[in-house]
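A.B. asks: If you're matching positions, the sequence shown starts at 1 in this note's numbering and goes up one per residue. Just so it is clear, CB atoms sit at the ideal spot from N, CA and C, and this is done for glycine as well. Remember, it's a predicted structure, so these values are computed and weren't measured experimentally.
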Amino acid sequence: MPMWRMLMRHSKHKLTFGAIYAFNFVSFMSLKCALDLGILEIIQNHGKPMTITELVVALRMLNPTKACDIYRIMRILVHSGIFARQNLFNDAQEEGYVLTNSSPTMDPVITKPWSFLSTWFQNDDHTPFATTYGETLWDYFAHDPQLKDLINDGLASDSQLVTNVLVDKCKEVFEGLNSLVDVGGGTGTTAKAIADTFPLMECIVFDLPNIVAGLQGRCLKILKRCKEAISSQDNVGRKLIIIDMVVRENEKVNDEASNLTKTQLFFDMLMLVLVAGKERQEEQWAKLFFEAGFRSYKITPIVGFTSLIEVYP
1 MPMWRMLMRH SKHKLTFGAI YAFNFVSFMS LKCALDLGIL EIIQNHGKPM
51 TITELVVALR MLNPTKACDI YRIMRILVHS GIFARQNLFN DAQEEGYVLT
101 NSSPTMDPVI TKPWSFLSTW FQNDDHTPFA TTYGETLWDY FAHDPQLKDL
151 INDGLASDSQ LVTNVLVDKC KEVFEGLNSL VDVGGGTGTT AKAIADTFPL
201 MECIVFDLPN IVAGLQGRCL KILKRCKEAI SSQDNVGRKL IIIDMVVREN
251 EKVNDEASNL TKTQLFFDML MLVLVAGKER QEEQWAKLFF EAGFRSYKIT
301 PIVGFTSLIE VYP
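(1) Spell out the partners DSSP gives LEU274 in its beta bridges.
(2) Using a threshold of 7 Å, state whether the C-beta atoms of LEU220 and LEU288 are closer than that.
(3) What is the DSSP secondary structure of THR306, reduced to helix, strand or coil?
(4) For the alpha helix (DSSP H) containing GLN146, name the first residue and the last one.
(5) Take every Cβ of the region 105-124, pair it with every Cβ of the region 53-71, and state whether three or more of those distances are shorter than 8 Å.
(6) Could you pull the start and end residues of the alpha helix (DSSP H) that MET74 belongs to?
(7) In this structure, does DSSP put THR119 in helix, strand or coil?
(8) With DSSP run on the structure shown, which of helix, strand or coil describes SER27?
(9) For TYR140, which residues of its own chain have a beta-carbon under 8 Å away from its beta-carbon, when the five flanking residues on both sides are left out?
(10) Flag this pair as yes or no: are the beta carbons of PHE206 and VAL183 separated by less than 7 Å?
(11) Could you tell me if GLU291 is buried or exposed, where buried requires 16 or more neighbouring beta carbons within 10 angstroms of its beta carbon?
(12) So if DSSP puts ILE243 in a beta bridge, which residue, or which two residues, is it bridged to?
(13) If you measure between the beta carbons of GLU282 and VAL246, is that distance less than 7 Å?
(14) Helix, strand or coil for ARG280? Go by DSSP, reduced to three states.
(15) Can the beta-carbon of VAL303 be found closer than 7 Å to that of VAL162?
(16) Between the Cα of PHE174 and those of PHE305, SER159 and LEU200, spot the shortest distance and give me the residue it belongs to.
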């Protein structure tokens, strides 16, 4: 039976819903085409809204007979939020393409390893990123400081948002604590915000990203060391505080919850591809905590897909 006839047998709602999911690959493959052609870099380097004519001229490798179809790729990527249209500065009647907040995450260095995901499943490399570039993400940073800054700025921005909510809505979590060590604290965004809110608290940032981040085998070891550190003296008021995702894989309460879960699963795959890390469900967190010697924990969702986890020795 022809596909169109099969689709017509469904209700309008089912057809629309099914088509969106069945043809998601159209958006993905259109993005891949834009990346392969270097469209993101061209628009970024242009420095101002870029018209479709200017874009086609810049794409010198195009077959002239097919250049007229570039607008179709751009149209779907605008609808997907990768690009946006903006009026030209000197002509309110003409529009050009600009990057959006989503565009930086489409850096070719980050997206290329996804093409090697199936290859990685068949080899001995640590990550698809290593399969692609022959080194870890952390080693790659040494000769691409721009990418390092891009990722660090993104992490710092996320930390700032989460921490603002944390100190505003969850102050009681930190009350009574005299000191805090921010393990994996990066540039210290979180520790600084907490210190500003609790000026009498001693805050220390400890971060070795090339050692701590993404090494699944050492996660339990790190937790055990944290347990030893907070158990070395009187346990009263001592606890481990984790700000991270708790994946709710079976969450189907409403569309918002479902979308949050989908975002968490996207991040889990991103961790797999880039740094061999993972995002955990509550059961997986609990297993780690108890194996590390902790006796109990408490999970409090705070903002978006992030939760506050309090773990007690």
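C.D. replies: Taking the structure as given:
(1) LEU274 is not bridged to any residue.
(2) yes
(3) strand
(4) Segment 145-169, the alpha helix (DSSP H) holding GLN146.
(5) no
(6) 70-79
(7) helix
(8) helix
(9) Excluding residues within five positions, the ones whose Cβ falls inside 8 Å are VAL109, PHE129, TYR133 and LEU147.
(10) yes
(11) exposed
(12) LEU308
(13) Yes.
(14) Look at ARG280 here: in three-state DSSP terms it is strand.
(15) yes
(16) LEU200
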